[in-house]
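Top to bottom, those sequences are chains A and B. For the first sequence, our numbering assigns the number 28 to the initial residue and increments by one for each residue that follows. For the second sequence, our numbering assigns the number 5 to the initial residue and increments by one for each residue that follows. By construction, the Cβ of each residue, glycine as well, lies at the ideal position given by its N, Cα and C atoms. Source: prediction; values computed, not measured. The next block holds one structure in the form of C-alpha cells; read it before the comments.
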Amino acid sequence: MIFNSLDFVIFIIIVFVMYWSLNSKMKFQNLFLLLSSYFFYCWWDWRFLFLLILVSVVNYTVGLKLYNKNNQSRKAWLLAGLIINILVLTYFKYFNFFVDSFIDAFSLIDVDIQKPSLNIILPLGISFYIFLSLSYIIDIYNNKLKAEKNIVNVLLSLSFFPIIFAGPIQKPSSLLPQIRSKRIFKYEFAVDGLKQILWGLFMKVVIADKCALIVNNIFSDFNNYKSSSLVVGGVLFMIQIYADFGGYSLIAIGVSRLLGFEINSNFRYPYFADNFPEFWKRWHISLTSWFRDYIFLPLSFFISRKIPAERYFSINADLIIYMTGIVFTWLLTGLWHGANLTFILWGLLNGMILVLYRIAKKNRRSLIKKLKKYNISSILTAAESILTLIFILFLWIIFRSNNISEAFSYLSGILSMSGLSKPDMMILKNNRDLFILIAIFFLIEWIGRNQDYPIFSIFNKWKRPLRWVMYYSILICILWYAGNEQEFFYFQF
Amino acid sequence: MKRFIKKISIFIFILTAYFLVNTVLNYAIFNKIKPPIKNSDIFIMGDSHPFKAIDPSMFRSATNLAMLMEPYILTFWKLEYLVNNAKPDTILLGFGHQNISAFNDKKFIEEKWVGEMFKRSYLIGKVINIGLDVDFKVYLKVFYKKMLIYPHSDHFNFIDTYSNTDSNQIDDIIPAIKRHFYNEDNQPIGISPVQIQYLDSILNLCRRKNIKIFLISSPVHHEYFSLIPESMKQIFNKKKSEIMSNGFDVIDMSESVFDDDCFQNADHLNSKGAKKFTNDIKSIIF
C-alpha cells in the first residue's frame, strides 16, 4: 500500500474517521494508531512486522534501563542497544554487499570462495526505523529525553505509518511528546495537511513518475544515446528524485497533519540553493540533521579533544577536524543509502566538495565583498547556483547508476564527442506535455519558495472560487496521470 | 470537525457533479452522433488478419472495420453496437488459428494491452461479465480520461480505416508463432474458451439479426502455418466443422500457398496479397 494508490485512499479515510471518533480516549486513540501502523506495514510484508516489533521492544527495554540514573551499567546498556540496532541493519541491508566484497577481494589473489546461498530481503523502512531507534536510546542516554514507560507510545513513535517507510526521520524526542499529549482537531491544520497531500501527489504522480519512464529508458540503454540525451536523462533524474522524495515527504507530513501531528519539513526547495553546502541544508533535512547530531558533531568533539594543537602540518586544526568529520559522515551517509559502491563514492564526493567549499570559504567571502562594491555579487551567486546544479547532476548520475563502471560510462558518454553533434530532439518532441508540466511545476515552486510548500501561499491570496478551480485542476491532473503506481524511489533505502 | 467535513463534502460534491455532467454529455454525444463509417452492405471484422487481407475498395459496398490485436470479445461488442446503428447485411469475419488461442485473453489482462482494449471498448463493452480476471483499475482510468474530464465526440476508437503497404519482410515467423501459440515458458498456450464463447455469440447475433456471415481464414506464410501446434490445428478444424454443421459458411484459405512477395510478414498479407486474396474470396462469395 503506497501513498499514491487507491488502497491508501480507502485506508486513510477509514483511519481518519475512526481515529477522530476515539478522540475522547487518548490511550485507545494511540493504540488504534499503532494497530493501523502495523496493518499498513503488514500490507507490504507481514513477516517483517515481527522484526519491527522486536526492534521496538528491545529499544523500549534499553530506554528504561538507560533512564535509571542509578544504574551502574548505563554505558553497557547503551552499547548493547547500539550494537543490536546496528547488527540488525547490517545483517538485512549489508550482508550480501560485505560477502560479495569479501569474495571479490579474495578472487584478486586467486582464492575462490563459494557464496552462501542466503537470499536476504531488505525489510521496507528498516533504515528509517533503526535510525529512529538509535535516536531514542542515544537521547535518553544523553538526558535529552525521558524514557517512555508506556510501551504503546514507544512502539507508535517507532512505527508511525506516515513516516515508517521513508521518513521524514522524526526523532522520538519530538514525536513522543505529541503522542503523549491529547490531539485536538484543528480545521486549519487538517486543511493544510490536505493541501500538502495534494501537492505531494502532483509531484509524485505527475512529475516523478512521468520522468521515471524516460529516465529508466535512458539509464538502461545509455550506450545508445548521444551526449545531449544523456544530459537530458540526468537532468530528468534530478527532477524525478526531487519530485519523488519531496512529494513523498509532503504526503507523509500532510497525512500526519490530518491526524494532528506536526512533522518537520524534509525539503526546502533544494534546487534553488545558492551553493552546495546550502543545497545539503535543504535536501532530506531530517537525514542530514540526524547525521549531524549523532555522527558529525560527536565525532568532531571527539577529534577536537584528541588534537590539542592549533595547527598540524601547517593545516588549521579546525579544518582537520571538519575534514575528518565531514568525510566520515558522508561516507556513512552514502552507505546508509545502500550496499553499493556507487553510494559510497557518491557520499565521499559530497564530503570532498563540502571540504573544498570550506577551504575556499574565506576567499569566497572576500570575493563577494569586492564584487558587492561593483554591485555585481549576483553574478557570483548565479554562477555558484549553476555550478551547484552541475555538481548535483553529476552526483545524481553516480547515485542512479547500477554500478561504478556504468556510472563512469554514463559520465564519459556525456563528455564524449557526441556532445558536439546535433542534439537528439526526439525525447523533447515525444514528451512535450511533460516538459510543459515541469516548467509549470518549477514556476509554482519558485513563486512559493519562501513557504513550507509552494501552494500554501500562492493560492491563499486568491478568492475561493479561483482557489478551488486550481485545486480541482491539480486533482484532475493527478487522476489523469494516475494508474501506474510506481513505488517511491526512497523505499529501496 | 464539522466545518472540515462540510467543506470536504462540498468540494467532493462539486467535483462529482462536474464529472457527472461530463459523463452524461459524453453519453448523449455518443448516442446522438452516427459512427464514422460510410453506409455499406458488407462489414469486414476481426483482428489484423482480415484487416490486412481484405481490401474493401474491391467490393461494391464494403467497409473494413477489423483492427489490429482485436479479440473476439471486442468484435462481439462492436458488432452488437453496429447492427443497431449501421445495419449491414453481410459480415466477413476473420477466423484464424490465432483467434481462438488463449493469447487473446492476455489482451484484457496484461498491462501492455489492456489499456488499449478498454480505450476501444469503454462505451460498448460489458466488462464485468467478460469471464476474465480483468484489472478494473485500468478500466476506470480509461473511463475517467475519456468520459469525465470534458465533453467531446472522439468516442469511436473501435473503428479504424483500412490501410496496407507494399512492404515484404518475412523475418518474424518464430516470434509470431511464439506470441500466438506459446507462453513465456515455451509451452503451448492452448485455446481460450472465452474467445470461443464470444465467437459463438457473434454467430448467434448474426443469425438473430438475419445477417449473412462468412468466416474467413486468410493465408499465412507456409512456414508459419507448418509451425502452428498440431493440437491447435485439430481444435481449429473441429470448431470449423462444428460451425459449418450449424449452417454457417467458412472460407478457410490459411493453407493456400501464396508467393512470398504477397506477405507483409509471417502472418499478414501486404497490399499485393490483399488484392489477390480479396479477388479469391469475392469469387467464392458471389
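query                                                                                                                                                                                  : result
Is the CB of residue 203 of chain B under 8 Å away from at least one CB in chain A?                                                                                                    : no
Residue 217 of chain A touches chain B at which residues, Cβ-Cβ below 8 Å?                                                                                                             : 8
Among residues of its own chain, excluding the 5 on either side of residue 495 of chain A, which ones have a beta-carbon nearer than 7 Å to its beta-carbon?                           : none
Let's test the definition: count the other Cβ atoms within 10 Å of the Cβ of residue 390 of chain A and tell me whether it reaches 16, buried, or not, exposed.                        : exposed
If I measure Cβ to Cβ from residue 352 of chain A and keep anything under 6 Å in the same chain, skipping five residues before and after, which residues do I get?                     : 323, 326 and 327
First and last residue of the alpha helix (DSSP H) that includes residue 273 of chain A?                                                                                               : 254-285
At 4 residues or longer, what runs of the alpha helix (DSSP H) sit wholly inside the stretch 99-126 of chain B?                                                                        : 115-125
Throw me the rounded Cβ distance for the residue 235 of chain A and residue 270 of chain A pair, which I believe falls under 8 Å.                                                      : 4 Å
Beta-carbon separation of residue 171 of chain A and residue 200 of chain A under 8 Å?                                                                                                 : yes
If you draw a straight line from the alpha carbon of residue 216 of chain A to that of residue 284 of chain A, how long is it in whole angstroms?                                      : 6 Å
In three-state DSSP terms, what is residue 53 of chain B?                                                                                                                              : helix
Is the Cβ of residue 5 of chain B closer than 8 Å to any Cβ of chain A?                                                                                                                : yes
Assign residue 166 of chain A to buried or exposed, taking buried as 16 or more other Cβ atoms, counted over all protein chains shown, within 10 Å of its Cβ.                          : buried
Is residue 213 of chain B helix, strand or coil when you go by DSSP?                                                                                                                   : coil
Quick one: measure Cβ to Cβ for residue 427 of chain A and residue 246 of chain A, integer angstroms, because I've assumed they're closer than 8 Å.                                    : 6 Å
For residue 19 of chain B and chain A, any beta-carbon pair shorter than 8 Å?                                                                                                          : yes
For the pair the stretch 63-79 of chain A and the stretch 120-129 of chain A, tell me if three or more CB-CB distances fall below 8 Å.                                                 : no
Go through its chain and collect everything with a Cβ distance to residue 249 of chain A's Cβ below 8 Å, but skip five positions before and after it.                                  : 257, 260, 433, 436, 437 and 440
Residue 98 of chain B and residue 39 of chain B - do their beta-carbons sit closer together than 8 Å?                                                                                  : no
Quick check: what's the CA-CA separation for residue 472 of chain A versus residue 230 of chain A?                                                                                     : 11 Å
Can you have a look at residue 104 of chain A and say buried or exposed, based on whether 16 or more other CB atoms are within 10 angstroms of its CB?                                 : buried
Identify whether residue 138 of chain B lies in helix, strand or coil by the three-state DSSP scheme.                                                                                  : coil
For residue 497 of chain A, collect the residues of the same chain with a Cβ closer than 6 Å to its Cβ; drop the 5 residues on either side in sequence, then sort them by chain order. : 486
In three-state DSSP terms, what is residue 137 of chain A?                                                                                                                             : coil
Is there a Cβ from chain B that is less than 8 Å from the Cβ of residue 33 of chain A?                                                                                                 : yes
Since residue 343 of chain A sits in a beta bridge, which residues does DSSP pair it with?                                                                                             : A:338
May I have the straight-line CA-CA distance separating residue 188 of chain B from residue 106 of chain B, to the nearest angstrom?                                                    : 13 Å
Secondary structure at residue 196 of chain B, three-state DSSP: helix, strand or coil?                                                                                                : coil
Can at least three beta-carbon pairs, one atom from the stretch 337-346 of chain A and one from the stretch 402-421 of chain A, be found at a separation below 8 Å?                    : no
How would you list, in chain order, the residues of chain B whose beta-carbon sits under 7 Å from the beta-carbon of residue 506 of chain A?                                           : 148
When DSSP labels each residue in this structure, what does residue 99 of chain A get in the three-state scheme?                                                                        : coil
For residue 244 of chain A, report the span of its alpha helix (DSSP H) as first-last.                                                                                                 : 236-247
Which residue wins for smallest C-alpha separation from residue 311 of chain A, given the options A:364, A:425 and A:336?                                                              : A:364
Just curious, the alpha helix (DSSP H) that residue 43 of chain A is in, first and last residue?                                                                                       : 33-48
For residue 122 of chain B versus residue 142 of chain B, is the C-beta distance shorter than 8 Å?                                                                                     : yes
Would you verify that the beta carbon of residue 489 of chain A is, or is not, closer than 8 Å to some beta carbon of chain D?                                                         : The chain inventory of the structure shown lacks chain D, comprising the protein chains A and B.
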